[in-house]
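Sequence lines, in order, name chains S and Z.
The opening position of the first sequence corresponds to residue 3 in my numbering, with each subsequent residue numbered one higher.
The opening position of the second sequence corresponds to residue 18 in my numbering, with each subsequent residue numbered one higher.
What follows is a short report on a single structure.
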Amino acid sequence: MKRALLWLPAVAFVGLIALLASGLFTPADRTVRSALIGQPLPQFALPPIVAGMPGLASSDFGKGEPRLINVFASWCAPCITEAPVLMQLKQAGVKIDGVAVRDTAPALERFLERNGNPFERIGSDVNSRLQFALGSSGVPESFVIDARGRIALQHVGDIKAEDVPAILAAIRDAR
Amino acid sequence: MLAEAGLAALWLAAALAAFQLILAGAGVARGSGEAMAAVRPVAIVQGLLAALAMAILILLFLRSDMSVLLVATNSHSAKPWLYKFAGAWGNHEGSMLLWVTVLGLAGAAVAMLEQRLKQPTLIATLGAQAAIALGFYAFLLFSSNPFARLNPAPIEGNGLNPLLQDPGLAFHPPTLYFGYVGISIAFSFAVGAMITRDVGPAFARAMRPWILAAWIFLTLGIAAGSYWAYYELGWGGWWFWDPVENASLMPWLAATALLHSVTVLATRDGLRAWTVLLAVVAFSMSMVGTFLVRSGILTSVHAFAVDPERGTFILALLLIYIGGALLLFALRAGTIREGATFELVSREGALVMNNLLLSVILGVVLVGTLYPIAAAALGVQLSVGPPFFDKTAGPIALVLVALMALGPLLRWRRDDAGAAVRRAAVPIGVSAATLAALLMLAPGIRLLPLLGLVFAAGVAVASVAPLWGRNLRRTPLFTYGMVVAHFGIAVALAGMASDSAFTKETLVAPRPGETHRVGPYRVTFEGVFPAVGENWSALEARLRVQRGDGDAFILRPQSRFFSSPPMVTSESKISTAVDGQLYTVLGQQDGSGRWQLRLWWKPFVTLIWLGGFLVALGGALSLIGRVRRDRRGVVRA
């Protein structure tokens, strides 16, 4: 009996190793899902920032067509990489609105001149209030808003070329 | 050339570790004195070579040699020298090299200093130490080479995560590593003694200073880490039961149990098999902790590399060392004579209870930490948070603390329960008085903090009881060590209970000029202003703070904004008084454009870390006391 007891630590250890190995070789699903998916957009009204372009308000959404909100900034390096992909989405017929985070008009105008302007409206989010309300923690980040004004998809980080089919599919489903 | 020299030193050290293992194995198996005599110098040179490699890596960081991949990815030429220096271990490869360096130097120290172990046991111990080192050398050389070159060399490096650029954090990892690696020595001692069937008081006395030293570093590392989280993360708490925090707490719990059981073995020749098992468990907890941190298997607030390949390597090492040691234990423990017996009511009995309770807490923390992995294996995603740990570990810890008050008042071998209770009359009286006072002065206090404060008062008195009626000048230093360490636990417990019972939190959205009261302070909000630093911009609140009729002063908590990577952090500002801390955090702007402000009054919260420091100080006094007595003993013999 006592002899058998001495094997207990070794047996427990084998169980521990099996558990750690299973954890190591079957990586858990680490996707962060926003709690806002399926929720209507929060109420907001952001002032315009670029001359000749309207600002952005929650009343602009839910008018029977899906739209893409792109949270970005002229000081954000990944946003430059993302710019051509956004132009590509625009050419595919996606309606895109911008939320410029902590930005200034001259810097933003230079950014759009250099990298292209895929946006129909751009709202100025001077102190990240809308960004936080959307549950977004960094730039760039994008949200697909469905035809009834609810958040259908949150994309964290820049949209890469390989993400385009998924975004287009989400836009299609959001009609 | 320098990086190549470092790599060469590392290879040479690895080769010597292999040689050391073979020499020790052959020497102990054949009883060859010549082979055994050669082990000590090899162990010393191996340790020095590892230290040379580490010194070279530090030099490469200080010189900002961007042709070395590790330097280029983790450093920047414009960084202050302290962070260049600490940057050498502020990354995976460097920290692993530091680990193996401490391991090698500790082995060299054992080879040079250890006098009392029988030669075969000492040599077997050094062999086990070489085996551990060999695994980590292989890890470095085959999967995490710190000296890899980068061609072409970039002009400038990436820099260090700004959150890590804090003096506290620069020295937090080495402190913990000294602790982890010190426990590896205890493990090697246990393996060596099992191989030569030499588990006894002499072995325990030889092992004890090493456990003490490791435990002091672990205690300091945990206390410092907790204070860093408290002031840097801005959430007002000091312990979150995060997997990485648990990774350092678990070896500490095991080492604390080991520290007490080894005392029973050294003074009374009891608990032989148990002490050996604890040494193995303590080291396996530091290996499991390393695995959890380095493999990215658990999601944690600490940002570490997610890397299954390295995880596999550490898992293999874990399997070989701990599996091997437990196998050895299963085969040999039956042949270890059980040693002296004792009655239940005795100093030994109290220490056994201490060990059981610490083991239960360790089990609870381990299960809580690993449960998400087990759930994931079954396809369920969940996390285990502070409420689970508080509810399970908290009450057990209180029982343990009560026992801690009683234990040192008991006699070795056998004691009379009635007499023991009479000796405990004063602490029990103080506890009762505290209970009555708290119920009168703070009605509605929750049960757990109430018990915490009552026990803290009792333990504080009981912990100095071993000094009553003794000649203080002839009392050994290690008795003072025990008194200070136990008193430190009481101090820390008082801080924790006071923080949880009496903290006042106020969340306000003030207009400029508005004044709010929190605890004994009046805080006037003067507005939010921009501020700029080296690599961040911030919005900072100006708060005029006044206590009673005292002088007003300004606190400026910030909402700090980093652009690469884009990240907003809260920089809390804290004002410390004798009886507590005022803790201020600037929150977000609310719907109407006003700023949220979080104000905490935390009475006596600093006692938590003061207590932690006292516990470590007590450990240091014990260590000095033991080493001095040993010296004298050796000279006399």
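Even glycine gets a Cβ: it sits at the ideal position worked out from N, Cα and C.
All values reported here derive from a predicted model rather than from experimental measurement.
Best match in the options for proximity to residue i [C-alpha to C-alpha]
i        : options                                : result
GLU326/Z : ALA23/S, MET55/S, VAL128/S, ILE51/S    : ALA23/S
TRP106/Z : ARG431/Z, LEU79/Z, HIS533/Z, ASN488/Z  : LEU79/Z
PHE308/Z : ARG285/Z, ALA333/Z, LEU288/Z           : ALA333/Z
VAL62/Z  : TRP28/Z, GLN575/Z, ILE339/Z            : TRP28/Z
ARG646/Z : THR492/Z, PHE621/Z, PRO527/Z           : THR492/Z
VAL401/Z : THR623/Z, ALA410/Z, PRO389/Z           : PRO389/Z
LEU134/Z : THR213/Z, ALA68/Z, SER81/Z             : THR213/Z
GLY567/Z : TYR538/Z, LYS590/Z, MET224/Z, LEU560/Z : TYR538/Z
GLY54/S  : ILE124/S, PRO80/S, SER61/S             : ILE124/S
LYS619/Z : TRP252/Z, TRP98/Z, GLY199/Z            : TRP252/Z
ARG285/Z : PHE359/Z, TRP291/Z, LEU229/Z           : PHE359/Z
VAL310/Z : LEU395/Z, LEU387/Z, VAL298/Z, ALA207/Z : LEU387/Z
VAL101/S : ARG116/S, ASN129/S, MET89/S, GLY95/S   : ASN129/S
GLU365/Z : SER243/Z, TRP485/Z, PRO184/Z, THR280/Z : THR280/Z
VAL63/S  : ARG116/S, MET89/S, GLU122/S, VAL141/S  : Looking at the sequence provided, one finds Phe at residue 63/S rather than Val. Of ARG116/S, MET89/S, GLU122/S, VAL141/S, the residue nearest in Cα terms is GLU122/S.
ALA419/Z : LEU374/Z, ALA454/Z, ALA391/Z, VAL476/Z : VAL476/Z
THR496/Z : ASN108/Z, ARG47/Z, THR520/Z, LEU640/Z  : LEU640/Z
SER576/Z : ARG564/Z, SER589/Z, GLY565/Z, PHE570/Z : SER589/Z
Cross-chain neighbours of residue i in chain C, by beta carbon under 7 Å
i        : result
THR329/Z : Reference to chain C is not applicable here, since the protein chains of this structure are S and Z.
Contact under 7 Å by Cβ, residue i with residue j
i        : j        : result
LEU343/Z : PRO68/S  : no
ALA163/S : VAL87/S  : yes
GLU551/Z : ARG573/Z : no
ALA52/Z  : LEU33/Z  : no
GLY4/Z   : THR192/Z : The first residue shown for chain Z is 18 and the last is 654, placing residue 4/Z beyond what the model contains.
VAL9/Z   : LEU614/Z : Nothing can be reported for residue 9/Z: it is not among the residues displayed for chain Z, which extend from 18 to 654.
ARG131/S : PRO42/S  : no
VAL632/Z : ALA502/Z : yes
GLY174/Z : MET71/Z  : no
ALA347/Z : GLY306/Z : no
ALA20/Z  : PHE164/Z : yes
SER126/S : LEU70/S  : no
ALA230/Z : PHE220/Z : no
ASP432/Z : SER480/Z : no
SER515/Z : PHE621/Z : yes
LEU15/Z  : TRP232/Z : In this structure chain Z extends from 18 to 654, so residue 15/Z is not present and cannot be described.
ALA569/Z : ARG561/Z : yes
Contact list for residue i against chain Z, beta-carbon separation under 9 Å
i       : result
ILE19/S : LEU332, LEU335, LEU336, ILE339, GLY340
Interface residues of chain Z facing residue i [CB-CB closer than 8 Å]
i        : result
ALA12/S  : GLY340, LEU343, LEU344, PHE346, ALA347
LEU155/S : Those do not exist, as LEU155/S stays about 20 Å from chain Z at its closest Cβ, beyond 8 Å.
LEU58/S  : What LEU58/S touches in chain Z: nothing, since even the nearest Cβ is about 18 Å away.
LEU110/S : Here the premise fails: no neighbours, minimum Cβ distance about 15 Å.
Contact list for residue i against chain Z, beta-carbon separation under 7 Å
i        : result
PHE15/S  : ILE339, GLY340, LEU343
ARG5/S   : GLY351
LEU186/S : Beyond the ends of chain S as shown, which are 3 and 177, falls residue 186/S; an answer cannot be given.
Contacting residues, own chain, Cβ-Cβ under 7 Å from residue i (five flanking each side not counted)
i        : result
VAL644/Z : PRO226
THR33/S  : Caution applies to THR33/S, whose pLDDT of 48 falls short of 50 and renders its modelled position unreliable; the model cannot decide the point.
ALA126/Z : none
ALA123/Z : VAL198, GLY199, ILE202
ARG534/Z : none
Same chain, Cβ closer than 6 Å to residue i, five either side skipped, listed in chain order
i        : result
GLY328/Z : SER312
ASP31/S  : In this predicted model, ASP31/S has a pLDDT of only 48, less than 50, meaning its place in the structure is not dependable; the value taken from the coordinates is given anyway. If we look at ASP31/S and ignore the five residues flanking it on each side, it has no Cβ neighbours.
MET302/Z : MET267, PRO268, ALA271
HIS157/S : SER144
ALA31/Z  : TYR154
ARG349/Z : MET211
THR409/Z : VAL381
Chain S residues whose Cβ lies nearer than 7 Å to that of residue i
i        : result
GLN606/Z : ASN129, ARG131
ALA172/Z : The identity of residue 172/Z in the sequence shown is Ile, whereas the question assumes Ala. Chain S residues near ILE172/Z: none, gap ~18 Å exceeds 7 Å.
Contacts of residue i in chain S (Cβ-Cβ under 8 Å)
i        : result
ILE390/Z : LEU21, LEU22, SER24, GLY25
LEU294/Z : PRO11
PHE308/Z : LEU22
Neighbour list for residue i in chain S, Cβ cutoff strictly below 9 Å
i        : result
LEU387/Z : LEU18, LEU21, LEU22, GLY25
PHE156/Z : Residues of chain S passing the Cβ test: none, with the nearest at roughly 16 Å.
Sequence-distant residues of its chain with Cβ nearer than 8 Å to residue i (five each side left out)
i       : result
LEU91/S : LEU70, ILE98, PRO120, ILE161, VAL166, ILE169, LEU170
ALA26/Z : LEU66, ALA67, LEU69, ALA70, ILE73
Requested in this report: Note down, in chain order, all residues in the stretch 122-140 of chain S with a beta-carbon under 9 Å from any beta-carbon belonging to chain Z.
Outcome: ASN129, SER130, ARG131, PHE134, SER139, GLY140
Query raised in the report: If contact means a Cβ-Cβ distance below 8 Å, which residues of the stretch 22-50 of chain Z contact chain S?
Result: Per Cβ criterion, the list is empty.
Query raised in the report: Which residues, in chain order, does the stretch 394-407 of chain Z contribute to contact with chain S at a C-beta distance below 8 Å?
Result: Of all residues in the stretch 394-407 of chain Z, only ALA394, GLN398 come within less than 8 Å of chain S when Cβ atoms are compared, listed by chain position.
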